[in-house]
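Numbering (the numbering used here), first residue to last: 17 to 660.
These notes are about the structure you will find just below.
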């Protein structure tokens, strides 16, 4: 039975949406928060732990610095989110840091922003999924050995959900996101209540793990300062995904910019609340991170829920939805990587097919490409998110810095506008605004702070793996420019400029048609009949490897004189089994020696079996011949199918 690929596609992806349904597929603020904010919100599951992993080197005394570092990072989140609200209002068509940098800092700087974002989106998928699987294995330790296959399966599942459409994926992701937020907020409130003896709740028990003794070190020493900087850099993973909303403004319902900005504010409030709350409890409960086993969030929830009625329900609620939101946080990458790919492809810096939308009005090619890269990263790092974290925040800090620096330049343009004046830039339209000076100072401060953080992260994490990102980003930029040069050359070659493209400059068509025939049968006769309509000079070519084959072909050729009597058959004796080489050699000889600088036509007979399984039973001579001839500039290949 023949398998219908379209039928299978409909089952997996769903019925196609008409282009006119694009507006109906847009997101409201509730779904938008679930899709675009799942990454920064879910980062709270491991950001505090990342800080403590660094500080624990110095023992219990250094862990007291977790909270001050967390407050500094929370302030940075507020600063960056405020800046991106301005970006959303001034660049309502999306593109985020790429659009801002392109409009204000130049195309090459914009490409660095795009490369940084793309590395960040890939790592968003890989780290989020790996962290989600770790949350599962924390609750079910026997599954630790299955971490990698579970992570790959999760990536494929998320890709499948996204291929079904933006609105449908938003519906799927909404409940786990809000369930995670609710569960962690309840845990924080219960923990604070038990810590301070509120509402008659039992006090928290002491943490059963004995903290390592503090290492004697001068708090004013360079080593101590270096450790604090490393801890701050590790905690900056809490900022990943913040720029996602600014990249996907057009995914929101009208008014797009207002809805996106509102969602950005709510994301910042939720992310900072959870981050500060987890860091406070983790510090005051004397929790310690471990390289393997139970996560800080799991330890915290376990301690808070212990000795409470229904406490185990809360524990498994938080663990279950931590795993889910960490897995689904990968969706932030799936929303923005394809969209950024669209902007780059539109400008000629990525393959054109990255612009194409699938049947469900999503950028299917970008989704599939991201899936492939993310799986490769997971395999390379064995789905261990702690090993990937040093690579994580560099890309996002580059994009933050360039975006805010671009906004500083933009405010300079706005400041020169008088009331009622407008300025159309390459990407957006600017209007006169009040308080431009304060807005410019805000973005300048943001650019300076995130720039310093970028230097700190790069310096402290360079030997831990950050050098990979430092190498990849310039490599991506080089690739973008190479693609752009290719499209430029193609455009020049296809140009119809009056000075260059005239009918006389076009290649002539040679009065010859070559028909390769392995034998004389209905398929080859059909190809000969077609070839005779193209030219009076038709050459049937057969590569002969033994005498029996030659006799058989000549005998069958003579059976159809009405078709073959006026045609020339070329029998080429060849003493090797790979006949493709000799056939291609003959065709090239005709093209270059007999008809130089002219188009030579090759009509290839090919019979088509009923299904893919039957196709495996036949050799692929026609396919191999086509592939070899496609490299020749003056040879035209025409396929003549004969369906069996």
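For glycine and all other residues, C-beta sits at the position ideal for the given N, C-alpha and C.
On a predicted model such as this, the values are computed, not experimentally measured, just so you know.
#1: What is the DSSP secondary structure of residue 109, counted as helix, strand or coil?
#2: So, using beta-carbon positions, are residue 529 and residue 387 closer together than 8 Å?
#3: For the candidate residues 383, 84, 153, 476, whose alpha-carbon lies nearest to that of residue 347?
#4: Quick check on the DSSP output: the beta strand (DSSP E) that includes residue 439 runs from which residue to which?
#5: Return yes when the C-beta of residue 646 is under 7 Å from any heavy atom of the ligand ADP, and no when it is not.
#6: Does residue 590 have its Cβ less than 8 Å from a Cβ in chain C?
#7: So for residue 661, helix, strand or coil by DSSP?
#8: By DSSP, does residue 656 sit in helix, in strand, or in coil?
#9: If you draw a straight line from the alpha carbon of residue 403 to that of residue 138, how long is it in whole angstroms?
#10: At 4 residues or longer, and completely inside the region 120-206: list those alpha helix (DSSP H) runs for me, N to C.
#11: Nearest-angstrom Cα distance between residue 453 and residue 431?
#12: Quick check on the burial criterion: 16 or more other C-beta atoms within 10 angstroms. Buried or exposed for residue 647?
#13: With DSSP run on the structure shown, which of helix, strand or coil describes residue 238?
#14: Mark residue 539 as exposed unless 16 or more other C-beta atoms lie within 10 angstroms of its C-beta, in which case mark it buried.
#15: Can you tell me whether residue 305 is helix, strand or coil according to DSSP?
#16: Rounded to a whole number of angstroms, what is the C-alpha to C-alpha distance between residue 535 and residue 571?
#17: For residue 615, which residues in the same chain have their Cβ closer than 8 Å to its Cβ, ignoring the five residues on either side in sequence?
#18: Between which two residues does the beta strand (DSSP E) carrying residue 623 extend?
#19: Going residue by residue through the region 288-373, where are the continuous alpha helix (DSSP H) segments of at least 4 residues, counting only ones entirely within it?
#20: Would you list the residues sitting across from residue 445 in a DSSP beta bridge?
#21: With 16 other CB atoms within 10 Å as the buried threshold, where does residue 283 fall?
#22: Do you know whose CA, among 320, 592, 50, 239, lies nearest residue 197's CA?
#23: How close, in whole Å, do the beta carbons of residue 418 and residue 71 come, if the pair is a contact with beta carbons under 8 Å?
#24: Which residue or residues does DSSP assign as beta-bridge partners of residue 555?
#25: Taking the alpha-carbon of residue 4 as reference, which of 336, 497, 567 has the nearest alpha-carbon?
#26: Tell me residue 459's beta-bridge partners as DSSP assigns them.
#27: By DSSP's criteria, residue 560 is part of a beta bridge. Which residues make up the other side?
#28: For residue 220, which beta-bridge partners are listed by DSSP?
#29: To which residues of the same chain is residue 391 closer than 7 Å at the C-beta, ignoring the five residues directly before and after it?
#30: Should the region 334-353 be regarded as contacting the region 147-167, the criterion being three or more beta carbon pairs within less than 8 Å?
#31: Could you say which of 320, 127, 195 lies nearest to residue 212 if we only look at CA atoms?
#32: Give the straight-line distance between the Cα atoms of residue 580 and residue 573, rounded to the nearest whole angstrom.
#33: Would you give the residue range spanned by the alpha helix (DSSP H) that residue 405 belongs to?
#34: Among 551, 466, 296, 440, whose alpha-carbon lies nearest the alpha-carbon of residue 414?
#35: Cα-Cα, which of 81, 103, 108 is closest to residue 241?
Per the coordinate set shown:
#1: In this structure, residue 109 counts as coil in the three-state DSSP scheme.
#2: No.
#3: Cα-wise, what sits closest to residue 347 is 383.
#4: Counting along the chain, the beta strand (DSSP E) containing residue 439 begins and ends at 438-440.
#5: Absent from the structure shown: the ligand ADP. Ligands present: none.
#6: The displayed structure is made up of one protein chain only, and chain C is not part of it.
#7: Nothing about residue 661 can be read from this structure; the chain reaches only from 17 to 660.
#8: DSSP places residue 656 in strand when its eight states are reduced to three.
#9: Rounded to the nearest angstrom, the two C-alpha atoms are 15 Å apart.
#10: Listed in chain order, the complete alpha helix (DSSP H) runs (minimum 4 residues) inside the region 120-206 are 123-155, 163-179.
#11: Between residue 453 and residue 431, the C-alpha separation is close to 8 Å.
#12: Its Cβ having fewer than 16 others within 10 Å, residue 647 is exposed.
#13: In this structure, residue 238 counts as helix in the three-state DSSP scheme.
#14: By the 10 Å Cβ count, residue 539 comes out buried.
#15: Per DSSP, reduced to three states, the secondary structure at residue 305 is coil, with no helix or strand assignment.
#16: Their backbone Cα atoms lie some 11 Å apart in a straight line.
#17: Non-local C-beta neighbours of residue 615 in its own chain, meaning closer than 8 Å and more than five positions away in sequence, comprise 523, 524, 525, 526, 650, 651, 652, ordered along the chain.
#18: Segment 614-624, the beta strand (DSSP E) holding residue 623.
#19: The alpha helix (DSSP H) runs lying completely inside the region 288-373 and spanning 4 residues or more are 312-321, 327-344, 346-362, given in chain order.
#20: Residue 445 has 440 as its beta-bridge partners, per DSSP.
#21: Counting of Cβ neighbours within 10 angstroms places residue 283 among the buried residues, the total reaching 16 or more.
#22: Out of 320, 592, 50, 239, 50 has the C-alpha closest to the C-alpha of residue 197.
#23: Going by Cβ atoms, the distance from residue 418 to residue 71 rounds to 30 Å, so no, they are not a contact pair.
#24: Partner(s): 530, 584.
#25: A query on residue 4 cannot be resolved here, the shown segment of the chain reaching from 17 to 660 and no further.
#26: Partner(s): none; residue 459 has no beta bridge.
#27: Its beta-bridge partners are 589.
#28: Beta-bridge analysis with DSSP links residue 220 to no other residue.
#29: Once the five neighbours on either side are set aside, the close Cβ partners of residue 391 are 168, 171.
#30: In short, these stretches touch, since the Cβ pair count reaches three.
#31: Of 320, 127, 195, the residue nearest in Cα terms is 320.
#32: Taking the straight line joining both Cα atoms gives about 7 Å.
#33: Counting along the chain, the alpha helix (DSSP H) containing residue 405 begins and ends at 401-431.
#34: Taking residue 414 as reference, the option from 551, 466, 296, 440 with the minimal CA-CA separation is 466.
#35: Selected option, being the one with the closest Cα: 81.
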